[in-house]
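Engineer: Got a structure for you, written out below as structure tokens; questions coming shortly.
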Amino acid sequence: MRLTVDPGLCQGHNRCTAVAPDLFDIDDEGYATAIGDVPAGSGELAQLAVDNCPEQAITLHRDA
Amino acid sequence: MGEATLPDGWVGDFDLYDPAYLDEPSSVWRAMREGCPVARSSRRGGAVLPVRHADIAAVARDTATFSSRALEATGPVPRPGNELRMPPITSDPPRHAGERKVLLPLFNRAAVAALEPGTREAAAALVDQVAGRPTVDAADAFARHIPIATIAAMLDLADDDVAQFSTWIVQFLKEGPRDQGARLAAIASITGYFTELVRGQRPVGGGGVVAELLRRRDEESLTEDQIVGMCFLLLVAGIDTTWSAIGSSLWHLAAHPDDRRRLAAEPELLPTAVEELIRVYAPITIARVANAPAEVGGCPVAAGERVLLPWAAANRDPAVFTDPDLVVLDRARNPHLAFGLGIHRCLGSGLARMEIRVALEEWLRRIPEFELDPDRPVTWTGGNVRGPESLWLQIPGSAP
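First to last, the protein sequences are chains L and A. Per the numbering used here, the first sequence runs over residues 299 to 362. Per the numbering used here, the second sequence runs over residues 3 to 402.
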């Protein structure tokens, strides 16, 4: 599974890093990037991050 | 949760200050969703009011059609060029992005973490003063002082100026929407103060946002008006918004003993609980002004007309949230819009979250038991910001 953040949609709400701090990096301006490959056992957390993004900027690629 | 009813004549000519709407706007939103989800009004400068999440989000995202040049929920829509400028919130693309970029690092996680000890100290000192009293107005004696202390620290203002700010803020935000004279007087006072700071006619603390903006003035080509406007924004957007959220949260906990006991017993729930409390009690209704004839939720909007975005209405839309009117302290899925949506997402959202969390944590640690004073019911502010104007609480066990 891979997690991606659309930089055109992320507005820096930081909800993703609040629910799944290990799956995202936040830059100095508050914008998020995903670490990419989701570690085994973190699928549910990754989905929670997707579900909590007000901008719908995060995608979980389940077949990647 | 009130019955879903609309005040008489609401859909065709609502009044944002209707007592029923001030008291419980969610029952109005619920009734509108079931009937006509967009209302309009000719009163107080006129406005169009969508309440569905999809309609509110669509307006927030369409910055080309819906300008942020005037954000006031009531009062005459100013002619272009006559607005109160508070960049970047009142700016549209393309000007907006550069102005926002200047401020973003000043609100990042490290900046917020650096302010947390001061906020906690202020909250603890306020709770100490309150804890011995049998009854207290928590809005006046607690909630409002927390963001004032935090923003003053952020601007690195002289201690003597802090009380003065409180007075100006009340004048601008509380009296201003209904008293144009008070509003203009407050704007003149605040603008005058910041102009003196920027011109070096008053001492500026070296550790704050004002000093940082002055240092970066040349590299970012900032004008005096932009810096003064940015300082004005911090004061206006950062204070009664947060104090309203803290007040609404305490009101909820006073009125819902099960939630209060649970949060007092499980403080580790606070970060999630804060998100839920601000979802349900999101204080802000922001405005946009249509640049051209447009449509909101199927209803026509004329060029120059105001559109209101009540974020809490979006947060209570059953199309997006399960049991939307219920506070669920550990709600897992919560993509709320309490801080807005799109390019104007509240710059201070991390700061506000910290302040609300710390305020509730310090309050509950010392005062886990409290309830609403039945003799002095809460009154709510309206317009751009909804929160308890006064919040009389009884604290059992305190000396009478």
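Glycine is no exception: its CB is placed at the ideal position from the N, C-alpha and C atoms. Since this is a predicted model, take the numbers as computed values, not measurements.
So Ala318(L) packs on Ala344(L), CB below 8 Å; how close in whole Å?
Structural biologist: Reading the first sequence from its first residue, position 20 is the one you call residue 318(L). Reading the first sequence from its first residue, position 46 is the one you call residue 344(L). Yes, they are in contact, since the Cβ atoms of Ala318(L) and Ala344(L) sit about 6 Å apart, within 8 Å.
Engineer: I'd like to check one pair, Thr7(A) with Ser28(A): are the Cβ atoms closer than 8 Å?
Structural biologist: Numbered from 1 along the second sequence, position 26 holds the residue referred to as residue 28(A). Numbered from 1 along the second sequence, position 5 holds the residue referred to as residue 7(A). No, Cβ-Cβ distance for Ser28(A) and Thr7(A) is not below 8 Å.
Engineer: Is the CB-CB distance between Gly384(A) and Leu24(A) below 8 Å?
Structural biologist: Residue numbering aside, residue 384(A) sits at position 382 when the second sequence is read from its first letter. Residue numbering aside, residue 24(A) sits at position 22 when the second sequence is read from its first letter. Yes, they are a contact pair.
Engineer: Please return the same chain residues whose Cβ sits closer than 6 Å to the Cβ of Pro107(A), not counting the five positions on each side in sequence.
Structural biologist: Position 105 of the second sequence holds residue 107(A). The answer is none, since no qualifying residue turns up.
Engineer: Within the 8 Å Cβ cut-off, does Arg360(L) reach chain A?
Structural biologist: As a working note, residue 360(L) is residue 62 in the first sequence. For Arg360(L), the answer is no, since every Cβ of chain A falls outside 8 Å of its Cβ.
Engineer: Of the choices Asp20(A), Val13(A) and Arg54(A), whose alpha-carbon is the least far from that of Ala315(A)?
Structural biologist: As a working mapping, residue 315(A) is identified with position 313 in the second sequence. Checked all of Asp20(A), Val13(A) and Arg54(A); the closest Cα to Ala315(A) is Arg54(A).
Engineer: In whole angstroms, what is the alpha-carbon distance linking Arg368(A) and Gly399(A)?
Structural biologist: The sequence position of residue 368(A) within the second sequence is 366, counting from 1. The sequence position of residue 399(A) within the second sequence is 397, counting from 1. Each residue's alpha carbon lies about 12 Å from the other.
Engineer: Count the other C-beta atoms from every protein chain shown that fall within 10 angstroms of the C-beta of Leu186(A), then say buried if there are 16 or more, exposed otherwise.
Structural biologist: To locate residue 186(A), count along the second sequence from 1; it is residue 184. Exposed is the call here.
Engineer: Can you check whether the CB of Pro390(A) is closer than 8 Å to the CB of Trp141(A)?
Structural biologist: The count along the second sequence starts at 1 and reaches residue 141(A) at position 139. The count along the second sequence starts at 1 and reaches residue 390(A) at position 388. The identity of residue 141(A) in the sequence shown is Ala, whereas the question assumes Trp. Their beta carbons are under 8 Å apart, which means Ala141(A) touches Pro390(A) by this criterion.
Engineer: At a Cβ threshold of 8 Å, is Leu343(L) touching chain A?
Structural biologist: Residue mapping note: residue 343(L) aligns to position 45 of the first sequence, counting from 1. Output row for Leu343(L): interface = no.
Engineer: So for Phe109(A), helix, strand or coil by DSSP?
Structural biologist: For this step, residue 109(A) is matched to residue 107 along the second sequence. Of the three classes helix, strand and coil, the one that applies to Phe109(A) here is helix, per DSSP.
Engineer: Leu321(L) touches chain A at which residues, Cβ-Cβ below 7 Å?
Structural biologist: Sequence index remark: in the first sequence, residue 321(L) carries index 23 (1-based). The contacting residues do not exist; Leu321(L) stays about 16 Å from chain A at best.
Engineer: Check the Cβ of Ala316(L) against every Cβ in chain A and list those closer than 9 Å, keeping chain order.
Structural biologist: As a position in the first sequence, residue 316(L) is number 18, starting the count at 1. The answer, in chain order, is Pro273, Thr274, Glu277 and Arg355.
Engineer: Within this structure, are the beta carbons of Ser351(A) and Asp139(A) separated by less than 8 Å?
Structural biologist: Indexing the second sequence from 1 puts residue 351(A) at position 349. Indexing the second sequence from 1 puts residue 139(A) at position 137. No.
Engineer: Is the distance from the Cβ of Asp158(A) to the Cβ of Gly202(A) below 8 Å?
Structural biologist: Locating residue 158(A) in the second sequence gives position 156, where the first residue counts as 1. Locating residue 202(A) in the second sequence gives position 200, where the first residue counts as 1. Not a contact, by the Cβ cut-off of 8 Å.
Engineer: Quick one: is Ser351(A) near chain L, going by C-beta distance under 8 Å?
Structural biologist: Looking up residue 351(A) in the second sequence gives position 349. Yes, its Cβ sits closer than 8 Å to a Cβ of chain L.
Engineer: Over the uninterrupted beta strand (DSSP E) stretch that includes Glu297(A), give me the two end residues.
Structural biologist: Your numbering for residue 297(A) matches position 295 in the second sequence. Element bounds for Glu297(A): Ala296 to Val298.
Engineer: Could you work out which residue in Ile345(A), Glu357(A), Arg290(A) and Asp64(A) is closest to Thr76(A) when comparing CA atoms only?
Structural biologist: To locate residue 76(A), count along the second sequence from 1; it is residue 74. Of the listed residues, the one whose Cα sits closest to Thr76(A) is Arg290(A).
Engineer: For Thr381(A), which three-state DSSP category applies?
Structural biologist: Mapped onto the second sequence, residue 381(A) falls at position 379. Looking at Thr381(A) - three-state DSSP - the assignment turns out to be strand.
Engineer: Flag Gly306(L) as yes if its beta-carbon sits less than 8 Å from any beta-carbon of chain A, otherwise no.
Structural biologist: Numbered from 1 along the first sequence, position 8 holds the residue referred to as residue 306(L). Under the Cβ criterion of 8 Å, Gly306(L) is not counted among the residues facing chain A.
Engineer: Decide yes or no for the touch test of the stretch 232-243 of chain A against the stretch 87-105 of chain A: beta carbon pairs closer than 8 Å, at least 3 of them.
Structural biologist: Result yes; three or more Cβ-Cβ pairs closer than 8 Å.
Engineer: Going along chain A, which residues have a C-beta under 7 Å from Gly339(L)?
Structural biologist: In the first sequence, residue 339(L) corresponds to position 41, counting from 1. Near Gly339(L) there are no residues of chain A at all, since even the closest Cβ is about 17 Å away, more than 7 Å.
Engineer: With DSSP collapsed to three states, give me the class of Thr324(A).
Structural biologist: Along the second sequence, read from residue 1 onward, the residue named residue 324(A) stands at position 322. DSSP places Thr324(A) in coil when its eight states are reduced to three.
Engineer: Give the single residue among Gly183(A), His147(A) and Arg71(A) whose Cα lies nearest to the Cα of Gln2(A).
Structural biologist: The requested residue 2(A) does not occur in the structure, where chain A is confined to residues 3 to 402.
Engineer: Run through the DSSP bridge pairs and tell me what Thr302(L) is partnered with.
Structural biologist: For this step, residue 302(L) is matched to residue 4 along the first sequence. DSSP lists Thr357(L) as partners of Thr302(L).
Engineer: What is the residue span of the beta strand (DSSP E) that Thr137(A) lies within?
Structural biologist: Taking the first residue of the second sequence as position 1, residue 137(A) is located at position 135. Counted as a single uninterrupted DSSP element, the beta strand (DSSP E) harbouring Thr137(A) occupies residues Thr137 to Asp139.
Engineer: Would you kindly report the start and end of the unbroken alpha helix (DSSP H) that includes Asp323(L)?
Structural biologist: As a first step, residue 323(L) must be located in the first sequence, where it is residue number 25. Taken as a continuous stretch (DSSP letters only), Asp323(L) belongs to no alpha helix (DSSP H), being part of the beta strand (DSSP E) at Phe322 to Ile324.
Engineer: Restricting to runs no shorter than 4 residues, where is the alpha helix (DSSP H) found entirely within the stretch 40-109 of chain A?
Structural biologist: 55-63 and 97-105
Engineer: Determine which residues share a DSSP beta bridge with Thr331(L) and list them.
Structural biologist: As a working mapping, residue 331(L) is identified with position 33 in the first sequence. Answer is Asp323(L).
Engineer: When you compare the stretch 297-315 of chain A with the stretch 53-70 of chain A, are there three or more beta-carbon pairs, one atom per stretch, that lie closer than 8 Å?
Structural biologist: yes
Engineer: In chain order, what residues of the stretch 315-338 of chain A put their CB closer than 8 Å to some CB of chain L?
Structural biologist: Ala334, Arg335, Asn336, Pro337 and His338
Engineer: Can you find a C-beta in chain L that's less than 8 Å from the C-beta of Ile345(A)?
Structural biologist: What you label residue 345(A) is simply residue 343 of the second sequence in a count that begins at 1. For Ile345(A), the answer is yes, since a Cβ of chain L falls inside 8 Å of its Cβ.
Engineer: Distance check for Ser191(A) and Ala213(A), CA to CA, integer angstroms please.
Structural biologist: In the second sequence, residue 213(A) corresponds to position 211, counting from 1. In the second sequence, residue 191(A) corresponds to position 189, counting from 1. Whole-angstrom Cα-Cα distance: 20 Å.
Engineer: Using a cut-off of 9 Å between C-beta atoms, extract the partners of Leu301(L) located in chain A.
Structural biologist: As a first step, residue 301(L) must be located in the first sequence, where it is residue number 3. Within chain A, no residue comes near Leu301(L); the closest Cβ sits about 16 Å away, beyond 9 Å.
Engineer: In whole angstroms, give me the CA-to-CA distance for Asp220(A) and Ile229(A).
Structural biologist: Working through the second sequence from its first residue, we reach residue 220(A) at position 218. Working through the second sequence from its first residue, we reach residue 229(A) at position 227. For Asp220(A) and Ile229(A), the distance between alpha carbons rounds to 12 Å.
Engineer: Is the Cβ-Cβ distance between Thr67(A) and Gly344(A) less than 8 Å?
Structural biologist: Counting from one through the second sequence, the residue named residue 67(A) turns up at place 65. Counting from one through the second sequence, the residue named residue 344(A) turns up at place 342. Not closer than 8 Å, so no.
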